[in-house]
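One structure is given below, encoded as C-alpha cells.
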Amino acid sequence: MAGPASPFVQITGVTKTFGAAAPALDHVSGTIEGGHITGLVGPDGAGKTTLIRMMTGLMMPDSGTIDVLGFDTRRDPARIQTAIGYMPQRFGLYEDLSVQENLNLYADLRGLPRAERPATFDELLTFTDLKRFTGRLAGKLSGGMKQKLGLACALLKKPRLLLLDEPGVGVDPISRRDLWKMVKDLTTEGIGVVWSTAYLDEAEACDRVLLLNQGKLLFTGPPSEVTGRVDGRVFKLSGMTGRRRPILAKALDQDGVVDGVMQGASIRLVVEPKVDVAAIAAAVAGADVTSAPAQPRFEDAFVDMLGGGPGGRSKLAEATTALPTDDHKPVIEARGLTKKFGDFTAAQDITFQIPRGQIFGLLGPNGAGKSTTFKMLCGLLKPTGGEGRVAGFDLRRDTAQARNRLGYMAQKFSLYGDLSVAQNLEFFAGVYGLSGARKRERIKLMTEIFDFAPHAALSAKDLPLGLKQRLALACAVMHEPEALFLDEPTSGVDPITRREFWTHINALVEKGVTVLVTTHFMDEAEYCDRISLIYRGRSIALGSPDELKASVATTENPNPTMEDAFIALVQASEADEDAGKAAA
Amino acid sequence: MSDPAFTRPEHRDRIRRFAALVRKETYQVIRDPSSILIAIVLPLLLLFLFGYGVSLDATRTRIGLVVESATSVTQDLAASFQASRYFEVVNGRDRREFEEDLLVGRVRGILVIPATFAADFAAARAPKIQVIVDGSDPNTASFVQNYAQGVVATWAALRAAETSARAPTIAVEQRFWFNPELTSRNFLVPGSIAIVMTLVGTLLTSLVVAREWERGTMEAIMATPVTAGELLAGKILPYFILGLASMSLCVLLAVVLFGVPFRGSILALYALSAAFLVPALGQGLLISAATKNQFLASQLALISAFLPAFLLSGFLFEINSMPTVIQWVTVIVPARYLIPSLQTVFLAGDVWPMFGEAIAVMLLIGAIFFIVAWRNTRKRIA
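Chains A and B, in that order, are what the protein sequence lines are. Our numbering numbers the first residue of the first sequence as 1 and each following residue consecutively. Our numbering numbers the first residue of the second sequence as 1001 and each following residue consecutively.
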C-alpha cells in the first residue's frame, strides 16, 4: 500500500520508440501526487497519450520503469487496473448503448457491488447532470455530455488515480469549466488526477504540471514556477493608431523581444530581462503608445522556455503581389446562410461581410456549425437558404470563378499522405490551375520560403505536425488567392509553429488578402479583426474581440478573457431562448 | 493486499464481467444495422441467389448439330436432340460451320453424327457420335457431354424397344443417387449455408472487434479489471449463437421454400455447424487482433475465409479436379470438411463416421486459430 509520503505514480527514466521515428518519450522521469490535478501538458506529438497509456499498464516502456500506486506496470498491470479510472481520448463509450447501459456495463466490469449501485448511479448522474438522459443512446449525446458520461464511467468504483486523456478536446468551454469543477472536487477526497492537455490555459489551472515537448520533459513542478520565469517581462502595448499588424511584425524583429502576439487592438510582448520596453514601443509604434506590465501566462513562459518565437518577417508575404486596398466592397459575404440536414439545422441565418485585408473569425465549440458555414462559403456545401459570395461571385452560379479566387486550408491539413512534399506541391499547383514557368517559379519559391528542400522526398504523412501545417499553407497560397479560408489551422501544433503561421497570415493580410478562419481556440480569436460567435447553429454575437470582451465586463471581472466572454454570451443567449419559449 | 478484488474469491466477479460483455454485445448486434445486414439480409440474399438465380443445370443449352449424311436413322437421332429439353439445336451440314460460333460462345458445343453412324448402327457395332466442347468452360462442357450421352442412350433404348431389336451397347451408364433429379439447387443450398456461417463467424466477428479498436472502446475496457480471456469469450458466445441462428434460418428456408430434402438429423446438423463455427470465429478473432482496422479486417476476411469457402471447398468446383498444389491448400479450408457433410445431412442422411472425422478436423483447425489469436490478444495496445 502506498503511504501518504510516497507519490501515486513514480516515472523513472522512461523511453519509448515507435518504429524508426524519433522517440515518443525520451528518458522521462517525474512523479504524480494524490489530491492534486497534475497537468500533462504539451502540443500534439509531445508524448502525452503514450505516457498515460503506460500508466494504465496497457503499454510498456522500452526502458525505465513506472510504478503506479506502488505496483510496477510490467509485473502487476491487473492490480493497477482495479484501482484506477481511465478516460481515453474518445471517452471509451459504446455509442449503441444508452447512458444507463454504459454505466451498467462499466459497473460490472469494475466489480461494483450490486448493493452500492443505486446510490452510486444516483450520485454520479446528479454530479454529471445526466439524470434526464439515462435512456438516450451515448452516440446521440453532445460532446460535453459524452465527456461527462465518460468521466462517470471512470468514477464508478471510486478510483485512487484518475487518468484523463485530453478531456477538454471537442467540448464547449462551458462543459469544460463544469468538468474542471467536478474533477477539482474529487481531489479534495485525496484522489490523484492526471489531466493531459494541449491547451496552455488549462495547464495554468493545474496544481502541478509535467511539461512535454517532442518526447522530452521540459519542466515539472507547479505552473506558477513556469510563469515565474517571465515575471516582470510581459507587457501590453495599447493606444496604437493605424494598422497594428505591421507594428507587431516590427516589434518581433527588435533585439530583446522574446515573443509577441496580438490581443485584440493591443499587442502583448515578452522581452528579455532588463530591456527597456518603453524604448521598443516608441521605436515600433511612435511616442503616444503606452506600455503597461501584464500578468504573465503559461504560454509566455513556454515560448520563452523554447527559446523565443520567430521574427516578424514573412518571406511569403514579401513574395506576394499587393492587392489594391482602395475599393471597399466586401471580399467575402454571407447573407442569411442556412443549412439543414433533415430536421437538424446546422446553420441558421448566418450573415456577415468581410472587407478586403481583414481577418474574420468563426469561433465556437465543435459541432456548433462553424465548419458548415465555412464549407458553404467556399462552395463545398450547398446552402438550404441564403447566399454566399467570394470576390463578388455568387458561389451557386459562378462556382468556378469564385473558387479560383480562394485558397483553402482544411482541418487536419488534408494533404495526400502518400505523396512526397514535392509531389503535394506539384499536385496542388496543378489543381489551382498553375502551369509552365509560373508553376515552376511558384513551387521553387514555396520550397525556399518554407525550407522544404531537406524534406522534399519525404511522404507528407511522415512529416512532423509543424511541417505538415507549413506544407498545407504553402499549397493553399501557391496561386496567390484573394481570399484565404483556414479551417482550424493551428489545432494541436506547438506555440512556436503557431506564431510562425500567424506571422505569415498577418503579413499576407497587409498585402490585401482577406481571411476567414474557424477556431475553437479562444486565444486565436484575438488575431481577428472581427469575430462571430457560433453556438448551436446560430451567430449569437458579432464584433471585434475587444468589443465582445467589453460587452461582458462586470465589476467583479473588469478584464474578462475571450473564454469568459464566450461563456457569458452563450448563457445570455440561452436565457433569451428560454424567455422566448416561456413567452410562447 | 487490501483491495477486496484480490482477497475474496473473485469467481463471481469473473462471471459478472463475462455476462456484462455478452449483454453489451447482444445490444450492439440488435441495434447495429450492419450486423443485421451481415447476419440476416446477406444470408437471405445468398440463399435466394443460389435457390433461384444460379443453376448449374444445363437447361436449353445451344448446340450445333451436324448430320453428315441424312438417313432415316440419323434423322431420327437428330429429332431426339431437337426434342430434348436440355438443348436448343442449330442444324448444320459441316462442323466447320460452327467453329467460330463455338469460339465466341454462340453455341456451347458441336454434336457430330458421322456418316458412318447409320451403317454402324445397322451392323449393331457400337455407333459413335462426336461431341466437341469448349474446354475453357469445363463446367458447361461436361454438362453438354453428359446430357448428349443421355440423349443418345435414351434414343437407342427407345429405338430398340420399337424395333424389338437387340439394343446396341451403350458406353457409359450413369446413375445419380440421392439427387436423382440432378437439381443443382439441392446441393448448392446446403453449401451456401457454409458460406453464410463464414460470413457471420469470420467477417462479422473480425469487423466488430476491429471496430472496438477504432472507436477506442477496446482501450477503455482493457483498462478495467477484465481479463483477455473474458474479452475473447465475451465476443465468441454471442456470435456463436448468432451464427447458429443464421444457419437455422437458412435451413428452414431451404426446406420450406426451396423444397430441398432434409434426410439427416437435427443433431447432426447442429453438431457439424457448431464445430465449423469454432475455426470460423477463431479466424475472425485472429484477423481483428492482427489488423485492428475495419477496412483491412473486412478485406482479409473476404480473401482468407469467404473466397476459399466458395472456391476451395468443393462447393462450386470439384477438389479432385484441382491441381495437386491447390488440393493441398484446401486441406486447411474448414468449409471443405463442412460442405460434403452438410450435403450428406440434407440429401442422404446421417453418416456418423464421415461427420465425426469432419468435426474432429474442424475443431483441430479451430484450436490452432484460437491459440494464435489468444497469443495476439494480450491486454496491450502496442
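Where a beta carbon is used, it is the ideal one built from N, C-alpha and C, also for glycine.
Closer than 8 Å at the C-beta level to chain A, one finds these residues of the segment 1209 to 1235 of chain B: ARG1215, GLY1216, THR1217, GLU1219, ALA1220, ILE1221, MET1222, ALA1223, THR1224, PRO1225, VAL1226 and THR1227.
Assignment of ARG442/A by DSSP, reduced to helix, strand and coil, places it in the helix class. DSSP places TYR1027/B in the helix class (H, G or I) of the three-state scheme. Closer than 8 Å to the CB of ASP1032/B there is at least one CB belonging to chain A. For GLY92/A, at least one C-beta of chain B is nearer than 8 Å to its own C-beta.
If you compare the alpha carbons of VAL289/A, ALA265/A, ARG335/A and MET446/A with that of ALA319/A, the shortest gap goes to MET446/A.
DSSP places LYS340/A inside the beta strand (DSSP E), whose first and last residues are 330 to 341. Under the 8 Å criterion on CB atoms, ALA1020/B is classed as interfacial with respect to chain A. Using a Cβ-Cβ cut-off of 8 Å, GLN1294/B is close to nothing in chain A; its nearest Cβ partner there is about 15 Å away.
Note that the C-beta distance between GLY1064/B and VAL1104/B is not below 8 Å. Chain-ordered, the chain B residues with CB closer than 7 Å to the CB of PRO88/A read GLY1216, GLU1219 and ALA1220. Here DSSP, grouped into helix, strand and coil, assigns GLY139/A to helix. The beta carbon of GLN81/A sits closer than 8 Å to some beta carbon of chain B.
Judged by DSSP in its simplified three-state form, GLN1130/B adopts strand. Taking C-alpha positions only, PRO1308/B is separated from GLY1282/B by approximately 16 Å. Using a Cβ-Cβ cut-off of 8 Å, LEU51/A does not count as an interface residue toward chain B, since no Cβ of chain B sits closer than that to its own.
Contact between the segment 1300 to 1320 of chain B and the segment 1153 to 1163 of chain B is absent: fewer than 3 CB-CB pairs across the two stretches fall below 8 Å.
Across the segment 37 to 51 of chain A, no CB contact with chain B closer than 8 Å is found for any residue. DSSP places ASP1120/B in no beta strand (DSSP E) but in the uninterrupted alpha helix (DSSP H) bounded by 1117 to 1122. Per DSSP, the unbroken beta strand (DSSP E) holding LYS16/A starts and ends at 9 to 16.
Nearest CB-CB separation between ASP300/A and chain B: not below the 8 Å threshold.
Taken atom to atom, the span from the alpha-carbon of GLY30/A to that of ALA460/A is near 34 Å.
Under a 10 Å Cβ-count criterion, PRO222/A is classified as exposed, with fewer than 16 other Cβ atoms of the shown protein chains found around its own Cβ. Selection GLY256/A, ASP165/A and LEU218/A evaluated against PRO273/A yields GLY256/A as nearest (Cα-Cα). In this structure, PHE360/A and LEU516/A form a Cβ contact; the two beta carbons are roughly 5 Å apart against a cut-off of 8 Å. Within chain A, the residues LEU58, MET59 and MET60 have their CB atoms less than 8 Å from the CB of ARG1380/B, given in chain order.
The continuous stretches of alpha helix (DSSP H) do not include THR188/A, and DSSP gives it neither H nor E. The DSSP-derived three-state label of ASP564/A is helix. One finds ASP108 and LEU109 in chain A with Cβ atoms closer than 7 Å to the Cβ of ARG1017/B, taken in chain order. The C-beta of ALA78/A comes closer than 8 Å to at least one C-beta of chain B. When DSSP states are grouped into helix, strand and coil, ASN213/A belongs to the strand group.
Cβ contact annotation for LEU377/A (same chain, cutoff 8 Å, sequence separation greater than five): ILE332, ALA334, LEU337, GLY388, VAL390, LEU395, PHE485 and LEU516, in chain order. A contact between stretches requires three or more CB pairs, one per stretch, nearer than 8 Å, and the segment 187 to 204 of chain A meets this requirement with the segment 23 to 43 of chain A. In this chain, ARG1215/B is not harboured by any beta strand (DSSP E); it is covered by the alpha helix (DSSP H) spanning 1205 to 1215.
Non-local C-beta neighbours of SER63/A in its own chain, meaning closer than 6 Å and more than five positions away in sequence, comprise THR15, ordered along the chain.
By alpha-carbon distance to TYR408/A, the top candidate from ALA198/A, CYS475/A and MET55/A is CYS475/A.
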